Every structure is written in C-alpha cells, then in structure tokens.
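FYI, my numbering numbers position 29 of the sequence shown as 98, with every residue one higher than the one before it. Beta carbons: idealized from backbone N, C-alpha and C, even for Gly. Predicted model, so just to flag it, every value in this text is computed and none were measured.
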Amino acid sequence: MGQTTVLVGAQWGDEGKGKVIDILTEDAQYVVRYQGGHNAGHTVVIGDEKYVLHLIPSGILHKEKICVIGHGVVIDPKALIEEIEFLKGKGFEVDEVLKVSDKAHVIFPYHCKLDELREVKKKGRIGTTKKGIGPCYADKVARVGIRIADLFDKKYFRSRLNDNIAEKNAILKNLYGADGFSAGVIFDEYMKYGEYLKNYVCDSVNLINEAYCGGKTILFEGAQGTFLDVDYGTYPFVTSSNSTAGGACTGAGIGPSRIDRVLGVVKAYTTRVGEGPFPTEFGPTLMERIREKGGEFGATTGRARRCGWFDSVLVKNSVDINGIDSVIITKLDVLDELETISICTAYKHGGKTYRSIPGIPGFLESCEPVYEEHPGWLSDTSGITFYDRLPVNARKYISRIKELIGTDIMLVSVGKSRGQTMVCKQDKQGGAV
Ligand code: GDP
Ligand code: IMO
Ligand code: MG
Numbered sequence: 070m071g072q073t074t075v076l077v078g079a080q081w082g083d084e085g086k087g088k089v090i091d092i093l094t095e096d097a098q099y100v101v102r103y104q105g106g107h108n109a110g111h112t113v114v115i116g117d118e119k120y121v122l123h124l125i126p127s128g129i130l131h132k133e134k135i136c137v138i139g140h141g142v143v144i145d146p147k148a149l150i151e152e153i154e155f156l157k158g159k160g161f162e163v164d165e166v167l168k169v170s171d172k173a174h175v176i177f178p179y180h181c182k183l184d185e186l187r188e189v190k191k192k193g194r195i196g197t198t199k200k201g202i203g204p205c206y207a208d209k210v211a212r213v214g215i216r217i218a219d220l221f222d223k224k225y226f227r228s229r230l231n232d233n234i235a236e237k238n239a240i241l242k243n244l245y246g247a248d249g250f251s252a253g254v255i256f257d258e259y260m261k262y263g264e265y266l267k268n269y270v271c272d273s274v275n276l277i278n279e280a281y282c283g284g285k286t287i288l289f290e291g292a293q294g295t296f297l298d299v300d301y302g303t304y305p306f307v308t309s310s311n312s313t314a315g316g317a318c319t320g321a322g323i324g325p326s327r328i329d330r331v332l333g334v335v336k337a338y339t340t341r342v343g344e345g346p347f348p349t350e351f352g353p354t355l356m357e358r359i360r361e362k363g364g365e366f367g368a369t370t371g372r373a374r375r376c377g378w379f380d381s382v383l384v385k386n387s388v389d390i391n392g393i394d395s396v397i398i399t400k401l402d403v404l405d406e407l408e409t410i411s412i413c414t415a416y417k418h419g420g421k422t423y424r425s426i427p428g429i430p431g432f433l434e435s436c437e438p439v440y441e442e443h444p445g446w447l448s449d450t451s452g453i454t455f456y457d458r459l460p461v462n463a464r465k466y467i468s469r470i471k472e473l474i475g476t477d478i479m480l481v482s483v484g485k486s487r488g489q490t491m492v493c494k495q496d497k498q499g500g501a502v
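Shown next, in the form of structure tokens:
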C-alpha cells in the first residue's frame, strides 16, 4: 500500500504550506488539493522565480508528479484556465499530469457577485477574498450546485443553470438592487470552459485510491488553516470548507485508515488576513516591523496581513483537532532582530485561566493572553542549514514551542528558498535540542 501524508496549516493560513509541499513533493508521486478554491495562495520560490499557486497543487513545479484537484475543491474554471496557461507559459508540463475531479463544484459569476455584495452590505463583514467561495459551497450544501461533469451534459447543465440564475437574479434584484445575470451568456461561456478542461477531468476518487493500492506516495495539500475551518475555526470569521485534516477524507476520497501521517505548518509567530478575533495581535509598532520583515501581504489579494506573537494555545488545539504527528516551523528568520520574543501560553477570562478555547461567546475577542518572554538571538539565521548551528536562544525558543504544543518538530524554515530549510534535531526524549 501507498504512503500518505496530509499537510495542513495549523494557524490562520499562509503558514508557508506551498514552500513545504514543494520540498515534500520530491519524495511523492501524487499531490492532491482537497478543499478551498482560488482563495488560496501558495508561494513557491525556485531560484529567482516566485510562483503563486491558487488551485493547482504546488507539486506541479516538479516534473512527472500527478497533481489532482479533488472533488472537495470549488473551481472557478476561468481562474483554473488562467493558471494552466501561466504555468505552460513558464515551460511547465501540465497536460500529462493535471487531473480535475468530475465532481468538484463550479464557481459562477453570481457566486462572486453575492460574495462581494454580502461583504459590502452586511454588518460584521468577514473580509473574504470575494472569489465566490462561500456562496458556491452554500449551493453545494443546498443541493443546487453545478459540478464539473454537468458541463458535459448540455441539457442538464442548461436546466440547472436556468434554475440557479432565476433564484440568484431574484436575490440580486430584490435584496441588493443589483443587476442580474443572463443564463444564455453564462451558458455559452461555461460550455467553452468545459471544452478546454475536458481532457483533465477524471474520477479522482478512483485515481487516488488506485494510486494508493499501487503503492504510490501521496501528499494531500491543505489550503487555508485550522482556524479558518468552517467547523473548528473562529466562526463566523472562517472560510466555508473543512481545512483540517479530516477534509482530505471528505474532499479527496481517501478513507481515514489510509492516512499515515498528518503534518502541520506553523509560522514562528502568527498572522491572519481578514476580520475576526486574534488574541496575540501586535500593537502598531511591532505590527509594522514584522509585516515588513516577513513580507506579510496576501499572496491572493495583496492585503496586509495582521501579525502577532506565537499562540501555543491555538496551535496545541490544532495539533489535537488534526491529529498532527509533526510540525514544520517557518519564518524563524523574521524574528532574528527582536530583543525579546513572547509566546502565549494561556488565556485569562473572567478571573479564570484557560489553556484551551471554551465555547463562551466572544471568548477570543475578550480574553487576555498570558505571555512568557524569551530572549531573542539577535543574529541572522537565514543562511543556516543545520539545526545545531542555530543560535542557542533560537533552539530554546523552538524547544519551548515543542514542549507547549506536545508534538515533534520536523523541519525549521529560515527563508523562502528550498535550501533555507533544516531538519530539526531531536534529543533522546524526542525533544528539539
Ligand atoms: P501558504 O498559503 O501557507 O502557502 O503561504 P503563503 O505563500 O501565502 O505565505 C507564506 C510566505 O512566506 C510566502 O511569501 C513565502 O515565500 C514566505 N516564506 C515561507 N517560508 C519562509 C521562511 O522560512 N522565511 C521567510 N522569510 N519567508 C518564508
Ligand atoms: P492559504 O491557502 C489566509 C480568509 C479570508 C477571510 C476568510 C474567508 O493561502 O493559506 P473566503 O474568501 O475563503 O470566503 O474568506 O478566510 N482566507 C485565507 N486567509 N490564507 C488563505 O489561504 C485564505 N483563504 C481564505 O481572508 O478572512
Ligand atoms: Mg497563502
């Protein structure tokens, strides 16, 4: 049987999953996206070139790796075609290796319009990417969605589209006073997309399970992060899919007993884009400093990311929710110039101390983080490639994170490039040393 790894973001997304997937792809034959859509932006830096993947698995930058977009992903065909064309233009082989699930749901212009209007009009906006992700998943769950395979059945597609557009136009007009869409125009446009994508489309569940039974190594590439998960995240400030490890089962068709390993990616600090609670968020001075040093601007929307201290309560929770076996710490280098570095170890709320997140409404908005302070290492780590060459204070910081979250640290990353990554050395008890 094959070897399978699910890789998830263990914070609020943008942890550096793209970089890590690119490294792990070396030893894999299949890379599979299982949820989300082109709201994701996964950055891979190869030499002087930077690639941002949105829908296509980050494994595409390696030769001869089968890259699958699973049925749990929501696909905007226009965005997918643009990504395919971009990669082909850069000389990457796409036709032989890209596989798209026939059962993935399709994003239509009315999804994007509704996403946009809800963001503008609604009180308590979420700060979505406005890519139509939420409305498309809503249609899937409401059982009115249109799937990739439907594009190849003209009659069925037209009738589903007519029903959807009649409903959406009524909402757009009556609730938002906005213009509606023409079913004919969208039908013609999407028939062309179907024609373009036809050769990539397959029964991905079958493909993945055959690969597994044939002994292949498969990487499942999570998008977003644990606290953006619609069930486990900081609801309602979340995305609309299961970005946690279980999402690989429902979104790619791999059974739980066929998952060998779960890896979590965390930044050495914390970031989040969009609205929602963030207990360890920096004040303005540190925010500016770390945002600049870490280049914390969204890979998809270019929005400035909010930054804060490492929150071990959140990440410990993430380890439990996902069943994370090992963690990869990225962006340690971004902390190089700080004299002291804080880690949040608990929350205070209503006179009580919490080391988990209770279901008290507004808890994360109103709790007070409890910090411990660590001395910084005040030296450049970006050129270090062996763990034991890291400054002692950097190793102590990593060790303390390991202790607080109760899991192995597998790799530490100190820069954007493939080479700026080191294997974390473990002591006899498995602790980072
Ligand atoms: P993803 O969505 O989890 O794949 O992460 P993003 O690509 O959105 O954001 C991570 C950003 O950090 C990208 O610009 C990466 O090139 C960059 N990055 C990844 N690892 C490191 C690191 O160890 N140090 C630094 N300085 N940058 C990193
Ligand atoms: P990757 O895979 C960070 C955030 C949005 C918003 C919320 C809902 O690159 O880590 P949506 O458009 O999904 O309905 O927006 O989720 N968000 C992300 N934040 N990284 C991402 O993806 C994200 N994808 C969505 O900013 O707060
Ligand atoms: Mg990203």
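Just checking V307 against the ligand IMO - is the residue's beta carbon closer than 8 Å to any of the ligand's heavy atoms? Indexing the sequence shown from 1 puts residue 307 at position 238. For V307, the shortest C-beta to heavy atom distance toward the ligand IMO is below 8 Å.
Count the other CB atoms, across all protein chains shown, that sit within 10 Å of the CB of E84; report buried if there are 16 or more and exposed otherwise. Here residue 84 refers to the residue found at position 15 of the sequence shown. Classification for E84: buried.
Using 8 Å as the cut-off, classify the Cβ of H111 as near or not near the heavy atoms of the ligand IMO, replying yes or no. For the purposes of this step, residue 111 is identified with residue 42 of the sequence shown, where counting begins at 1. Yes, the beta carbon of H111 sits closer than 8 Å to at least one heavy atom of the ligand IMO.
So K88 and G78 are supposed to be a Cβ contact under 8 Å. How far apart are they, rounded? In the sequence shown, counting from the first residue as 1, residue 88 sits at position 19. In the sequence shown, counting from the first residue as 1, residue 78 sits at position 9. The C-beta distance from K88 to G78 rounds to 12 Å, too long to fall under 8 Å, and the pair is not in contact.
What I want to know is whether the C-beta of E84 ends up closer than 8 Å to one or more non-hydrogen atoms of the ligand GDP. Residue numbering aside, residue 84 sits at position 15 when the sequence shown is read from its first letter. Answer for E84: yes, Cβ within range of the ligand GDP.
Of the residues S435, P438, S448, N391, the one placed nearest L407, counting alpha carbons only: As a working mapping, residue 407 is identified with position 338 in the sequence shown. Ranking the options by Cα distance to L407, first place goes to S448.
Quick check: what's the CA-CA separation for R360 versus V384? As a first step, residue 360 must be located in the sequence shown, where it is residue number 291. As a first step, residue 384 must be located in the sequence shown, where it is residue number 315. Distance between the alpha carbons of R360 and V384 is about 21 Å.
To the nearest angstrom, how far is the alpha carbon of K362 from that of V403? In the sequence shown, counting from the first residue as 1, residue 362 sits at position 293. In the sequence shown, counting from the first residue as 1, residue 403 sits at position 334. K362 and V403: Cα-Cα distance of roughly 6 Å.
Using only the alpha-carbon positions, how far apart do L355 and I240 sit? Working through the sequence shown from its first residue, we reach residue 355 at position 286. Working through the sequence shown from its first residue, we reach residue 240 at position 171. So the alpha carbons of these two residues sit roughly 44 Å apart.
With distance defined between alpha-carbon atoms, name the residue in D477, L332, K267 nearest to G291. The residue given as residue 291 occupies position 222 in the sequence shown. It is L332.
So I195 packs on F296, CB below 8 Å; how close in whole Å? Taking the sequence shown and counting its residues from 1, one reaches residue 195 at position 126. Taking the sequence shown and counting its residues from 1, one reaches residue 296 at position 227. In fact, because the Cβ distance is near 13 Å, the residues do not count as touching under 8 Å.
For the ligand IMO, is there a heavy atom less than 8 Å away from the beta-carbon of K147? The sequence position of residue 147 within the sequence shown is 78, counting from 1. No, Cβ of K147 sits at least 8 Å from all heavy atoms of the ligand IMO.
Out of curiosity, what's the CA-to-CA distance linking R330 and G249? The residue labelled residue 330 in the question sits at position 261 within the sequence shown. The residue labelled residue 249 in the question sits at position 180 within the sequence shown. Straight-line spacing of the CA atoms in R330 and G249 works out to 47 Å.
Own chain partners of V137 with C-beta closer than 6 Å, once the 5 adjacent residues on each side are dropped: Position 68 of the sequence shown, counting from 1, holds the residue named residue 137. Cβ neighbours of V137 beyond the five flanking positions: V101, K168, S273.
When you compare only the Cα positions, how much space is there between E350 and E152? Taking the first residue of the sequence shown as 1, we reach residue 350 at position 281. Taking the first residue of the sequence shown as 1, we reach residue 152 at position 83. Near 34 Å, if we compare the C-alpha coordinates of E152 and E350.
Mind listing, in chain order, the continuous beta strand (DSSP E) runs of no fewer than 3 residues lying wholly within the segment 306–377? Taken in chain order, the whole beta strand (DSSP E) runs of length 3 or more contained in the segment 306–377 are 330–336, 339–341, 375–377.
Ignoring anything shorter than 3 residues, give me the beta strand (DSSP E) runs that lie fully in the segment 144–171, in order along the chain. You should have 167–170.
For L76: DSSP bridge partner residues: On the sequence shown, position 7 is the one that residue 76 refers to. As a beta-bridge residue in DSSP terms, L76 pairs with E290, L332.
Going by other Cβ atoms of all chains shown within 10 Å of its Cβ, with 16 needed for buried, is I467 buried or exposed? To locate residue 467, count along the sequence shown from 1; it is residue 398. Result: buried.
Please specify which runs of the alpha helix (DSSP H), each continuous and at least 4 residues long, are wholly inside the segment 161–246, giving them in chain order. Runs of the alpha helix (DSSP H) inside the segment 161–246: 178–190, 202–210, 223–245.
Using 8 Å as the cut-off, classify the Cβ of G333 as near or not near the heavy atoms of the ligand GDP, replying yes or no. By 1-based counting over the sequence shown, the position of residue 333 is 264. No - the ligand GDP has no heavy atom lying nearer than 8 Å to the Cβ of G333.
Sort V114, V142, I470 by Cα distance to L124 and report the nearest one. To locate residue 124, count along the sequence shown from 1; it is residue 55. Checking every option, the nearest Cα to that of L124 belongs to V142.
State the beta-bridge partners of V439 as determined by DSSP. The sequence position of residue 439 within the sequence shown is 370, counting from 1. A415, per the DSSP bridge assignment.
Whole angstroms is fine: what's the gap from Y440's alpha carbon to N386's? Residue numbering aside, residue 440 sits at position 371 when the sequence shown is read from its first letter. Residue numbering aside, residue 386 sits at position 317 when the sequence shown is read from its first letter. Those two C-alpha atoms are separated by around 17 Å.
What did DSSP end up calling I474 once you bin it into helix, strand or coil? As a working mapping, residue 474 is identified with position 405 in the sequence shown. Three-state result, I474: helix.
Same chain only: Cβ atoms within 8 Å of G499, ignoring 5 sequence neighbours per side: Reading the sequence shown from its first residue, position 430 is the one you call residue 499. Bear in mind that a pLDDT of 49 at G499, under 50, signals an unreliable position, so the number given afterwards is only what the model happens to contain. The beta carbon of G499 lies closer than 8 Å to those of D477 in the same chain, with the five residues before and after it left out.
Simplified DSSP state of Y304, which is helix, strand or coil: Locating residue 304 in the sequence shown gives position 235, counting from the first residue. The answer is coil: DSSP assigns Y304 none of H, G, I, E or B.
Could you tell me whether the Cβ atoms of R487 and D91 are closer together than 9 Å? Along the sequence shown, one-based indexing puts residue 487 at 418. Along the sequence shown, one-based indexing puts residue 91 at 22. Contact check for R487 against D91 passes: the beta carbons are separated by less than 9 Å.
C-beta contact flag for G322 and G139 at 9 Å: Residue 322 sits at position 253 when you count from the first residue of the sequence shown. Residue 139 sits at position 70 when you count from the first residue of the sequence shown. Going by C-beta atoms, G322 is nearer than 9 Å to G139.
So, are the CB atoms of G201 and K182 less than 9 Å apart? Taking the sequence shown and counting its residues from 1, one reaches residue 201 at position 132. Taking the sequence shown and counting its residues from 1, one reaches residue 182 at position 113. A contact, by the Cβ cut-off of 9 Å.
Sort V189, A235, M260 by Cα distance to R216 and report the nearest one. On the sequence shown, residue 216 is found 147 positions in, with the first residue counted as 1. Here the closest residue by C-alpha is M260.
Between F177 and F226, is the Cβ-Cβ spacing less than 9 Å? Here residue 177 refers to the residue found at position 108 when the sequence shown is read from its first residue. Here residue 226 refers to the residue found at position 157 when the sequence shown is read from its first residue. No, these two residues do not count as a Cβ contact at 9 Å.
Please state whether the Cβ-Cβ distance between K398 and C493 is less than 9 Å. Indexing the sequence shown from 1 puts residue 398 at position 329. Indexing the sequence shown from 1 puts residue 493 at position 424. First, the amino acid is wrong: residue 398 is Ile here, not Lys. The answer is yes: Cβ separation under 9 Å.
Considering only residues of the segment 242–271, which uninterrupted alpha helix (DSSP H) runs meet the minimum length of 4 residues and lie entirely inside it, listed in chain order? List check, alpha helix (DSSP H) in window: 252–266.
For the ligand MG, is there a heavy atom less than 8 Å away from the beta-carbon of G196? As a working mapping, residue 196 is identified with position 127 in the sequence shown. Not one heavy atom of the ligand MG sits closer than 8 Å to the Cβ of G196.
What residue range does the beta strand (DSSP E) around E133 cover? The residue labelled residue 133 in the question sits at position 64 within the sequence shown. DSSP places E133 in no beta strand (DSSP E); its state is neither H nor E.
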